[in-house]
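What follows is a single structure, written as structure tokens, with notes after it.
2 protein chains.
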Amino acid sequence: MKIPVVENVLKLNDEIARQNRLAFEAAGVYVVDLIGAPGCGKTALLEATLQKLGGILEIGVIAGDPATSRDAERLAGYCDNIVQINTGNGCHLDANQVRQAMGRLDIASLDLLFIENVGNLICPVGFDLGQHSKVGMFSVCQGADKAAKHPYLPLVAAAILLNKIDLLAHVPFDLQQFRADLKRINAAAPLLEISVIQNQIAPWLNWLTHACTGRGEHRAPEYQPGVAES
Amino acid sequence: MKIPVVENVLKLNDEIARQNRLAFEAAGVYVVDLIGAPGCGKTALLEATLQKLGGILEIGVIAGDPATSRDAERLAGYCDNIVQINTGNGCHLDANQVRQAMGRLDIASLDLLFIENVGNLICPVGFDLGQHSKVGMFSVCQGADKAAKHPYLPLVAAAILLNKIDLLAHVPFDLQQFRADLKRINAAAPLLEISVIQNQIAPWLNWLTHACTGRGEHRAPEYQPGVAES
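Chain order of the listed sequences is D and U.
According to our numbering, the first sequence is numbered sequentially starting from 1.
According to our numbering, the second sequence is numbered sequentially starting from 1001.
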């Protein structure tokens, strides 16, 4: 008798996400939900992106972490519209937390809003926040089997980032296997191979500016446990 | 009115975990719940551990992943008692899944059982599986802020592993900061700095054989959201 409760929670979340999406549309802001495991480089990517695009676009950030305001502190040097959400033992952001954060941002002034989700490959996937696109992020340090082991993120992602390719010479990582797994799971999502630390993020900036200009909502396929397993 | 449901789930989990623990005690097997983010090196550590200790101790593994049986396939070369649990969109193992897996293992023959939890720094922390010790695993590729951002794992861990120290020359990682954060969060948990890929795992093997011989259950402090934040 617990499944109905979970369904209600998701239904409530989806309704708030719908309202968030309407507010984002009204404000003319494109919203990306960035999802990846702890340490794949999400905050560093946003630092680099703010440095590159901050003079061209008005950008805001909602940063989620279980504890500390370290991400917001790192990003505050590059943007004024930033809110840190501490989730405590919560493993993902939900639409209501995003709605609360929106109240502390001047979203009407923004062109682009990043939601940096809690570092977690699983739980954030199933929660609609009202974003236009969910973007999945991996790093070569994690090993090439992570897309296959965690297929739900690539399945719903509008694009997949593979970070830290500068370390390919120093870690065991089968790039062909990773590419093949992604193609099998979601052939439509482009794989953007980057090195944030070496400032090689052109594929990401190209994808982002194109997505932001198009302003289309990425329609992910239905979230189906059991699909895409090898 | 949703909190009582969550409490009931946890109460049921705790009761099954208690039964698991009694069964482990009766079988004379020491049980470690290994928790870390995707790609920190959990499976590689178990491979190396089975190679080193497999001739001395009878070792079993319960491996959790959202999808694929790749971990079990990797470990099957080193041990006979192995079960893979696919959690689908589940973000952690629970006591009932472990109980089901126990039915497929000859636990009476084992000295040591590893439960390799789903790659996730958050959700597995709050679920008792009946283990003697939870061990937390990080890697230098993830950045030095991860213990501070995810304090609940180090707070309950009997020991903390820091893997991939061979990469310290190639990635930005403030080792002093990481050590200081851990000391602040849980000064009692030893920090075991290792490189699985270079076979430098002596601190782990020493800790493990000592813990296994002592057979004491690690009594973690209460899980308290909000504590240990900087």
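Even for Gly, the Cβ is constructed at its ideal location relative to N, Cα and C.
Reduced DSSP category for residue i - H, G, I as helix; E, B as strand; rest coil
{"i": "A1063(U)", "result": "strand"}
{"i": "K1134(U)", "result": "strand"}
{"i": "L1010(U)", "result": "helix"}
{"i": "F178(D)", "result": "helix"}
{"i": "E1193(U)", "result": "strand"}
{"i": "E1058(U)", "result": "coil"}
{"i": "G36(D)", "result": "strand"}
{"i": "A1026(U)", "result": "helix"}
{"i": "Q1200(U)", "result": "strand"}
{"i": "I1122(U)", "result": "coil"}
{"i": "A159(D)", "result": "strand"}
{"i": "L1045(U)", "result": "helix"}
{"i": "V31(D)", "result": "strand"}
{"i": "L208(D)", "result": "helix"}
{"i": "L1168(U)", "result": "coil"}
Residue i versus residue j: straight-line alpha-carbon distance, rounded
{"i": "G54(D)", "j": "C141(D)", "result": "29 Å"}
{"i": "N96(D)", "j": "I115(D)", "result": "13 Å"}
{"i": "L57(D)", "j": "D111(D)", "result": "6 Å"}
{"i": "D1181(U)", "j": "K1042(U)", "result": "22 Å"}
{"i": "H150(D)", "j": "I185(D)", "result": "10 Å"}
{"i": "G77(D)", "j": "L1161(U)", "result": "33 Å"}
{"i": "S69(D)", "j": "A1023(U)", "result": "43 Å"}
{"i": "P190(D)", "j": "W204(D)", "result": "10 Å"}
{"i": "I1094(U)", "j": "A1027(U)", "result": "Residue identity differs from the one stated: residue 1094(U) is Asp in this sequence, not Ile. C-alpha separation (whole angstroms): 20 Å."}
{"i": "V29(D)", "j": "G126(D)", "result": "22 Å"}
{"i": "K52(D)", "j": "K164(D)", "result": "18 Å"}
{"i": "I107(D)", "j": "A1017(U)", "result": "47 Å"}
{"i": "N1008(U)", "j": "V1156(U)", "result": "22 Å"}
{"i": "E25(D)", "j": "E15(D)", "result": "15 Å"}
{"i": "E193(D)", "j": "L153(D)", "result": "17 Å"}
{"i": "D1166(U)", "j": "N1013(U)", "result": "39 Å"}
{"i": "E73(D)", "j": "T213(D)", "result": "29 Å"}
CB contact flag (residue i, residue j, <8 Å)
{"i": "N1081(U)", "j": "G1103(U)", "result": "no"}
{"i": "P1124(U)", "j": "H1092(U)", "result": "yes"}
{"i": "A158(D)", "j": "S133(D)", "result": "yes"}
{"i": "M1137(U)", "j": "I1035(U)", "result": "yes"}
{"i": "Q1176(U)", "j": "V1031(U)", "result": "no"}
{"i": "F1178(U)", "j": "A1144(U)", "result": "yes"}
{"i": "A1075(U)", "j": "V1196(U)", "result": "Before going further, note that residue 1075(U) is Leu rather than Ala in the sequence given. Their beta carbons are not under 8 Å apart, which means L1075(U) does not touch V1196(U) by this criterion."}
{"i": "A188(D)", "j": "L121(D)", "result": "no"}
{"i": "L1050(U)", "j": "V1098(U)", "result": "no"}
{"i": "V1083(U)", "j": "L1105(U)", "result": "yes"}
From the options, residue whose alpha carbon lies closest to that of residue i
{"i": "G1090(U)", "options": "P1066(U), A1180(U), R1099(U)", "result": "P1066(U)"}
{"i": "Q1198(U)", "options": "E1047(U), L1010(U), L1121(U), D1094(U)", "result": "E1047(U)"}
{"i": "G1119(U)", "options": "N1206(U), A1188(U), E1073(U), G1039(U)", "result": "G1039(U)"}
{"i": "L168(D)", "options": "V156(D), S139(D), Q200(D), L153(D)", "result": "S139(D)"}
{"i": "A147(D)", "options": "D174(D), D166(D), V29(D)", "result": "D174(D)"}
{"i": "T1209(U)", "options": "P1172(U), L1113(U), N1117(U)", "result": "L1113(U)"}
{"i": "G88(D)", "options": "S109(D), K11(D), G64(D)", "result": "G64(D)"}
Beta-carbon neighbours of residue i, restricted to chain A and to distances below 7 Å
{"i": "D1145(U)", "result": "As a matter of chain content, chain A is missing from the structure shown, whose protein chains are D and U."}
- [ ] Identify every run of the beta strand (DSSP E) within the segment 1064-1106 of chain U, keeping only runs that are complete inside it and at least 3 residues long; order them along the chain.
- [x] Correct list: 1082-1086.
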